[in-house]
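Student: Before I ask anything, let me first share the structure, which is written out below as structure tokens.
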Amino acid sequence: MNRRLVLASSVAGAVLVALDGTVLTVAQPSLQRSLGASFAEVQWTSTAYLVAVASLLVFAGRLGDRYGHRRMFAVGMLGFGAASAGIALAPDIGWVIGLRVAQGVCGALLQPATLGMLRLAYPPDRLAMPLAVRTSAIGLAAAAGPVLGGALVSGPGWRAVFLLGVVPALLFGAAALAGGARAKGAAGPALDLPGALLLALTLACLVYGLVASGAVRVAGPAVAVLAGVAFVRRERRAADPLLPPGVIGSPPVAAALGVLVAVSAALFGTLFVETYVLQRDLGLDPFQSALRSVPLAVLMVASAPWCPVLLRRVGARWTVGAATALLALGGLVLSHATGTVALGCGFALLGAGFGTVMVAATHVVVRQAEVTAAGVAGGLQQTALNVGPVLGVAAATALMGVGPRTALLVLAAVAVLAVPLARLLPGRGVVSLTRSAEDGVRDGDHAPR
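Residue numbering for the sequence shown follows the working numbering, starting at 14 and increasing by one per position.
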């Protein structure tokens, strides 16, 4: 598969998932009225997807390492498109929730593959730019999602929202399936099924416990800790662990994942609090609130292409450290902002910081991994970006009782505390010790020509 097609497929998969999340939020009130669902049932349309995708990302990445990332991408895209079409035709809320679980499973299959395919197609020293393109596309999708979703819900109705990505999903999925069927290669690493089950249980209980209420909020994390301990013991004894020591034991990878969790928690927690500040405290309607946050999307898109330049000139250490500090500064500005200009500056700093960290930290995670573990690396990166927002929103919800300003300051402090982790990242001129895609082991995907 040529590099342009790999990049287009990677972007399409990432955009499809990003759009799905943003447009669903807009469609939920209309969906609730149309199907006569309760508020709790509608919340499950988000929760079911989140739990399914977060718990399976790493195992799905390992499946890609073994059977081929194009194959996993194809199955994920085709399944995601079919589930989306099914939701558009769903007769009741039960079908919607069940199909959202199916979407989560398919999303878990395709997301690590979008990074695994890039790792195989591009040499390590040329990965930054395709990752920047991917990040910019995600930023555009996140910005366009609410507007596009609102137009569809106001016009054809909420069912049209789920038809939006069906055709692209089927087209890119079919193209990847055809390419994967032609590719021949030896099977990759063995699968650690007991480890996969324990990790899935750990993540599922953690995520569900954070988004649930009542006794589940205590029981979920408690079970997650027990399952996590059992998972660690299993990994230490396994002949072929789910998480290869070369990936999870790498200080740069661990630091990059920690930064991704922290900055995504700080960002999404801040956005959660700011929604209430803008609409409840400042009296703005949803459209006016959305306009105030436009600089975030603009700077996220604009900052991503500059990140490869920064990585070449100053290295990941300074790039991630400075960008994380920039995001923290944005939260600090928003904690005092009431006027349009101040709000715009705060959101712009958040977008510039997050867009840069996304590219630079992802570059470290994917580049440091051997080609035989590219899927696991992609799964870990995606897991960090799924767990971080859940942690951030849960923390913001708990802190709202002491006031939004305090909540914003605490979330900014979370980002500040992540800055020292950047010291563990590669500096300028540090060369990856892994082999490039051209020289590495194939997982059934031929080298691009």
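Positions of the beta carbon are idealized from the N, C-alpha and C atoms, including for glycine.
(1) Start and end of the alpha helix (DSSP H) containing residue 82?
(2) Where does residue 211 sit, in a helix, a strand or coil, going by DSSP?
(3) Grab me the residues of residue 155's own chain with a C-beta within less than 7 Å of its C-beta, minus the 5 sequence neighbours each way, in chain order.
(4) Looking only at its chain, what residues have a beta carbon closer than 8 Å to the beta carbon of residue 289, apart from the 5 residues adjacent to it on each side?
(5) Give me, in chain order, the residues of the same chain whose beta-carbon lies closer than 7 Å to that of residue 27; leave out the 5 immediate sequence neighbours on both sides.
(6) How would you call residue 68, buried or exposed, if buried means at least 16 neighbouring beta carbons within 10 angstroms?
(7) Look at the alpha carbon of residue 291 and the alpha carbon of residue 298, and state the distance between them as a whole number of angstroms.
(8) With a threshold of 6 Å on Cβ separation, who are the neighbours of residue 394 within its own chain once the five nearest residues in sequence on each side are excluded?
(9) Assign residue 253 to one of three DSSP states: helix, strand, or coil.
(10) When you compare only the Cα positions, how much space is there between residue 165 and residue 358?
(11) For residue 338 versus residue 438, is the C-beta distance shorter than 8 Å?
(12) According to DSSP, is residue 43 part of a helix, a strand, or is it coil?
(13) Nearest by alpha-carbon distance to residue 174: which of 187, 188, 184, 157 is it?
(14) Is residue 205 buried or exposed, if buried means 16 or more other CB atoms sit within 10 Å of its CB?
(15) To the nearest angstrom, report how far apart residue 424 and residue 240 are at their CA atoms.
(16) Going straight from the alpha carbon of residue 20 to that of residue 74, what length do you get?
(17) For residue 349, does the three-state DSSP call read helix, strand or coil?
(18) Would you report the Cα separation of residue 295 and residue 287, rounded to the nearest angstrom?
(19) Along the chain, which unbroken stretches of the alpha helix (DSSP H) at least 4 residues long are found entirely within the stretch 151–194?
(20) Can you tell me the Cα-Cα spacing of residue 136 and residue 263, whole angstroms?
(21) Which of the three DSSP states, helix, strand or coil, is assigned to residue 29?
(22) Taking the straight line between their C-alpha atoms, what separation do you get for residue 451 and residue 132?
(23) Please report whether the beta-carbon of residue 101 lies at a distance below 8 Å from any beta-carbon of chain C.
(24) Determine the contact status of residue 213 and residue 72, defining contact as a CB-CB distance below 8 Å.
(25) Residues in the same chain with beta-carbon distance under 7 Å from residue 332, minus the five sequence neighbours each way, listed in chain order, please.
Tutor: Let me lay it out:
(1) Taking the first residue of the sequence shown as position 1, residue 82 is located at position 69. 82–101 is the span of the alpha helix (DSSP H), which, as asked, contains residue 82.
(2) Here residue 211 is taken as the residue at index 198 of the sequence shown, counted from 1. Three-state DSSP puts residue 211 in a helix.
(3) Here the question's residue 155 lines up with position 142 in the sequence shown. Counting only Cβ-Cβ distances below 7 Å, and skipping sequence neighbours, we find 31, 35, 310.
(4) Mapped onto the sequence shown, residue 289 falls at position 276. In its chain, beyond the 5 residues on either side, 413, 417 have a beta carbon closer than 8 Å to the beta carbon of residue 289.
(5) One-based indexing of the sequence shown puts residue 27 at position 14. Counting only Cβ-Cβ distances below 7 Å, and skipping sequence neighbours, we find 127, 147, 150, 151.
(6) By 1-based counting over the sequence shown, the position of residue 68 is 55. Flag for residue 68 reads buried.
(7) Looking up residue 291 in the sequence shown gives position 278. Looking up residue 298 in the sequence shown gives position 285. Cα-Cα distance, rounded: 8 Å.
(8) As a working mapping, residue 394 is identified with position 381 in the sequence shown. Only 375, 378 meet the Cβ criterion.
(9) Along the sequence shown, one-based indexing puts residue 253 at 240. DSSP places residue 253 in coil when its eight states are reduced to three.
(10) Taking the sequence shown and counting its residues from 1, one reaches residue 165 at position 152. Taking the sequence shown and counting its residues from 1, one reaches residue 358 at position 345. The straight-line gap from Cα to Cα measures roughly 31 Å.
(11) Along the sequence shown, one-based indexing puts residue 338 at 325. Along the sequence shown, one-based indexing puts residue 438 at 425. No, these two residues do not count as a Cβ contact at 8 Å.
(12) Locating residue 43 in the sequence shown gives position 30, counting from the first residue. Three-state DSSP puts residue 43 in a helix.
(13) Indexing the sequence shown from 1 puts residue 174 at position 161. It is 157.
(14) On the sequence shown, residue 205 is found 192 positions in, with the first residue counted as 1. Buried: at least 16 other Cβ atoms inside 10 Å.
(15) Numbered from 1 along the sequence shown, position 411 holds the residue referred to as residue 424. Numbered from 1 along the sequence shown, position 227 holds the residue referred to as residue 240. Approximately 28 Å, taken between the alpha carbons.
(16) What you label residue 20 is simply residue 7 of the sequence shown in a count that begins at 1. What you label residue 74 is simply residue 61 of the sequence shown in a count that begins at 1. Rounded to whole angstroms, residue 20 to residue 74 spans 18 Å at the Cα level.
(17) On the sequence shown, residue 349 is found 336 positions in, with the first residue counted as 1. Secondary structure of residue 349 (DSSP, three-state): coil.
(18) Numbered from its first residue, the sequence shown carries residue 295 at position 282. Numbered from its first residue, the sequence shown carries residue 287 at position 274. Approximately 10 Å between the Cα atoms of the pair.
(19) 171–176
(20) As a working note, residue 136 is residue 123 in the sequence shown. As a working note, residue 263 is residue 250 in the sequence shown. If I take the Cα positions, the gap works out to 20 Å.
(21) Position 16 of the sequence shown, counted from the first residue, corresponds to residue 29. In the structure shown, the three-state DSSP call for residue 29 is helix.
(22) The count along the sequence shown starts at 1 and reaches residue 451 at position 438. The count along the sequence shown starts at 1 and reaches residue 132 at position 119. In this predicted model, residue 451 has a pLDDT of only 40, less than 50, meaning its place in the structure is not dependable; the value taken from the coordinates is given anyway. Distance between the alpha carbons of residue 451 and residue 132 is about 10 Å.
(23) Reference to chain C is not applicable here, since this structure consists of a single protein chain.
(24) Reading the sequence shown from its first residue, position 200 is the one you call residue 213. Reading the sequence shown from its first residue, position 59 is the one you call residue 72. The Cβ-Cβ distance between residue 213 and residue 72 falls below 8 Å.
(25) For the purposes of this step, residue 332 is taken as residue 319 along the sequence shown, with counting starting at 1. Counting only Cβ-Cβ distances below 7 Å, and skipping sequence neighbours, we find 320, 323, 324, 369, 373.
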